[in-house]
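Same order as they appear, the protein sequences are chains A and B.
Quick note on numbering: the first sequence equals residues 817 to 1037 in the numbering used here.
Quick note on numbering: the second sequence equals residues 817 to 1037 in the numbering used here.
Number of protein chains: 2
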Amino acid sequence: MKKFEAIYMLSEIAMRDGIYRYLTIKTGVFGREIGFSQQSTSRKLNELYSQGLIDKVVLIRGLKVKITKKGIDYLMDEIKKMGSIEEKIRRIIIEGSVTSGMGEGTYYMSREGYIRQFMSFFGERPYPGTLNILLDNEMGEIISFLKSNYRYRLNGFREMERTFGDVILHRATLNGHPCFIIFPERGHYENVVEIVSSENLRNKFSLKDGDRVKLEVFPYD
Amino acid sequence: MKKFEAIYMLSEIAMRDGIYRYLTIKTGVFGREIGFSQQSTSRKLNELYSQGLIDKVVLIRGLKVKITKKGIDYLMDEIKKMGSIEEKIRRIIIEGSVTSGMGEGTYYMSREGYIRQFMSFFGERPYPGTLNILLDNEMGEIISFLKSNYRYRLNGFREMERTFGDVILHRATLNGHPCFIIFPERGHYENVVEIVSSENLRNKFSLKDGDRVKLEVFPYD
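So this is what it looks like as structure tokens:
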């Protein structure tokens, strides 16, 4: 049995609380739940047993199974691997250099219509200006992911004659300092992102055009 | 392809950083690394693609693959499942009732030979007395797990005429209050556990013999 199949079997036993005590199962029912026939469930449980990953006691009808210490270690390895994948998913690194950019976001971030929504999400008032980052090449795919998958969106509104479109935001950090990446939905340069914070980041970190910066973006936070 | 197999394939791509950007692979090499033949790797990648779990670009020699948003969601589901299993592994619940018990641990926990080691592990002086818990039935398997799998062990020593054996400890909480379960390695009643803390738990929680208590034990902390 492949390791990933053993992990699957163990995780299904674990989910049913067969970790530190015996879980009573009928192989037919358990098999149906996990997507195998009764015969192949029985065979797979025997394999787990012969690999020392579970203990089992055969009953007149059914089985008692319990994951062993070796099985728990097996699961813990997988949990660690999944943890490192989660880290990769939750923390996207974007690199680029400071640019004077378009300044479009500055205008946006001084509109009360956006500020009110921003404050209700994050509890702080954005500094009315953005820091523009000229992205390194090959960031396009990440940007298109961030633009289409987000948790925070500021709704557009009408002010006098003008209409303002929706703005997508992601939590991020710049040099470890909390900030937000914003993407105006309407027209945006693919290779520039704008950063908002409650502080003036350019002054705070004494950034000049061309300085290298590293952003960490947290699309799930 | 079974879901757990898709998860395995996706996790192997994710580990190689094919999440937000394309990962260039040769199916033969990648297959060897993940335990499949070139042909079956190729077929499985096609299945992932047709399920919308990865994007792919065919190169002259090899492939570029990238996990899609749907694939990331798939992985996040699995990560959540693994997280709930980790919770079950890391937090064992033991129930029972207060008893006057043997008081053996009280004698132990007033020996400097143990106290010094205890303090070096946990930075606090144990109250020189133990709280004894008479376990509910069917806790035997959990106890034997805890006795054979531990992070903390106080080494035995000789004092005057007497020798003291090793003592195994686990971090725990009683009613949410941090404490430690101790298991003297020599002779111990299977159905009673002894609890140590920096405070007198019996007084702190006004416990009388027969009172029900719930312990959470953290064998990996």
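Backbone N, C-alpha and C fix where the C-beta goes; we use that ideal spot for every residue, glycine too.
Computed from a predicted structure; not experimentally measured.
DSSP beta-bridge partners of residue i
| i | result |
| --- | --- |
| proline 1000 of chain B | B:Val983 |
| proline 994 of chain B | B:Thr989 |
| asparagine 948 of chain B | B:Thr915, B:Glu1010 |
| phenylalanine 973 of chain A | A:Phe980 |
| valine 845 of chain B | According to DSSP, which records beta bridges pairwise, valine 845 of chain B is partnered with nothing at all. |
| threonine 840 of chain A | A:Lys880 |
| aspartate 871 of chain B | B:Lys882 |
| isoleucine 901 of chain A | None; isoleucine 901 of chain A has no bridge partner. |
| phenylalanine 1034 of chain A | A:Arg987 |
| tyrosine 923 of chain B | Answer is none; tyrosine 923 of chain B lacks a bridge partner. |
| aspartate 941 of chain A | First, the residue type needs correcting, since residue 941 of chain A is arginine and not aspartate in the sequence shown. Partner(s): none; arginine 941 of chain A has no beta bridge. |
| tyrosine 968 of chain B | B:Leu985 |
| arginine 1028 of chain A | A:Ser913 |
| isoleucine 958 of chain A | Isoleucine 958 of chain A is not bridged to any residue. |
| isoleucine 908 of chain A | A:Val1033 |
Residue j beta carbon less than 9 Å from that of residue i
| i | j | result |
| --- | --- | --- |
| isoleucine 876 of chain A | glycine 834 of chain A | no |
| aspartate 1025 of chain A | serine 916 of chain A | yes |
| asparagine 948 of chain B | valine 914 of chain B | yes |
| isoleucine 895 of chain B | isoleucine 823 of chain A | no |
| lysine 1030 of chain A | phenylalanine 999 of chain A | no |
| glutamate 1010 of chain B | isoleucine 997 of chain B | yes |
| serine 1013 of chain A | proline 942 of chain A | yes |
| valine 1033 of chain A | isoleucine 829 of chain A | no |
| glutamate 954 of chain B | arginine 832 of chain A | no |
| methionine 825 of chain A | leucine 864 of chain A | yes |
| proline 1035 of chain B | phenylalanine 961 of chain B | yes |
| lysine 872 of chain A | methionine 817 of chain A | no |
| isoleucine 959 of chain A | leucine 891 of chain B | no |
| histidine 993 of chain A | arginine 967 of chain A | no |
| phenylalanine 1059 of chain A | arginine 927 of chain A | Past the edges of chain A, shown from 817 to 1037, lies residue 1059 of chain A, and the structure says nothing about it. |
| glutamate 821 of chain A | glutamate 821 of chain B | yes |
| arginine 1028 of chain A | glutamate 911 of chain A | yes |
| methionine 925 of chain B | glycine 945 of chain B | yes |
| threonine 843 of chain B | serine 858 of chain B | yes |
Interface partners of residue i on chain A, CB under 7 Å
| i | result |
| --- | --- |
| glycine 851 of chain B | Lys818 |
| asparagine 965 of chain B | Lys885 |
| isoleucine 876 of chain B | Within 7 Å Cβ-Cβ: nothing; isoleucine 876 of chain B doesn't reach chain A, min ~20 Å. |
CB contact check: residue i to chain A, cutoff 9 Å
| i | result |
| --- | --- |
| leucine 839 of chain B | no |
| phenylalanine 999 of chain B | no |
| lysine 984 of chain B | Strictly speaking, residue 984 of chain B in this sequence is isoleucine, with lysine absent from that position. No, isoleucine 984 of chain B does not count as interfacial toward chain A. |
| glutamate 1006 of chain B | no |
| lysine 968 of chain B | Correcting the residue identity first, residue 968 of chain B is tyrosine in this sequence and not lysine. By this cut-off, tyrosine 968 of chain B is not an interface position. |
| isoleucine 870 of chain B | no |
| isoleucine 949 of chain B | no |
| tyrosine 824 of chain B | yes |
| isoleucine 895 of chain B | yes |
Under 9 Å from the C-beta of residue i: neighbouring residues of chain B
| i | result |
| --- | --- |
| phenylalanine 846 of chain A | Chain B residues near phenylalanine 846 of chain A: none, gap ~15 Å exceeds 9 Å. |
| glutamate 911 of chain A | Correct list: empty, because the minimum Cβ distance to chain B is about 13 Å. |
| aspartate 952 of chain A | Those within 9 Å of aspartate 952 of chain A in chain B number zero; the least Cβ separation is about 12 Å. |
| lysine 880 of chain A | Those do not exist, as lysine 880 of chain A stays about 11 Å from chain B at its closest Cβ, beyond 9 Å. |
| glutamate 821 of chain A | Lys818, Phe820, Glu821, Tyr824 |
Neighbour flag for residue i against chain B, beta carbons, 9 Å
| i | result |
| --- | --- |
| tyrosine 1036 of chain A | yes |
| leucine 891 of chain A | yes |
| lysine 885 of chain A | yes |
| serine 858 of chain A | no |
| glutamate 1032 of chain A | no |
| glycine 899 of chain A | yes |
| serine 866 of chain A | no |
| glutamate 863 of chain A | no |
| isoleucine 908 of chain A | yes |
| tyrosine 930 of chain A | no |
| methionine 831 of chain A | yes |
| isoleucine 888 of chain A | yes |
| serine 827 of chain A | yes |
| glycine 1010 of chain A | Per the sequence shown, the amino acid found at residue 1010 of chain A is glutamate instead of glycine. False, the Cβ-Cβ gap to chain B never drops below 9 Å. |
| glutamate 977 of chain A | no |
| glutamate 940 of chain A | no |
Expected contact under 8 Å - CB spacing of residue i and residue j to nearest Å
| i | j | result |
| --- | --- | --- |
| glycine 887 of chain A | leucine 869 of chain A | 4 Å |
| lysine 897 of chain A | serine 827 of chain B | 7 Å |
| leucine 1017 of chain A | leucine 990 of chain A | 6 Å |
| valine 881 of chain B | isoleucine 850 of chain B | Contact doesn't hold; Cβ gap of about 12 Å is too wide. |
| glutamate 975 of chain B | glycine 929 of chain B | 6 Å |
Chain B contact residues for residue i, given Cβ-Cβ distances below 7 Å
| i | result |
| --- | --- |
| alanine 988 of chain A | Near alanine 988 of chain A there are no residues of chain B at all, since even the closest Cβ is about 14 Å away, more than 7 Å. |
| methionine 925 of chain A | In chain order: nothing, as chain B lies at least about 26 Å away. |
| glutamate 903 of chain A | Result: empty, since nearest Cβ-Cβ is about 10 Å, beyond 7 Å. |
Cross-chain neighbours of residue i in chain A, by beta carbon under 8 Å
| i | result |
| --- | --- |
| phenylalanine 961 of chain B | Tyr836, Lys885 |
Within chain B, the residues that residue i reaches when beta carbons sit closer than 8 Å
| i | result |
| --- | --- |
| glutamate 957 of chain A | Tyr836, Arg837, Tyr838, Lys882 |
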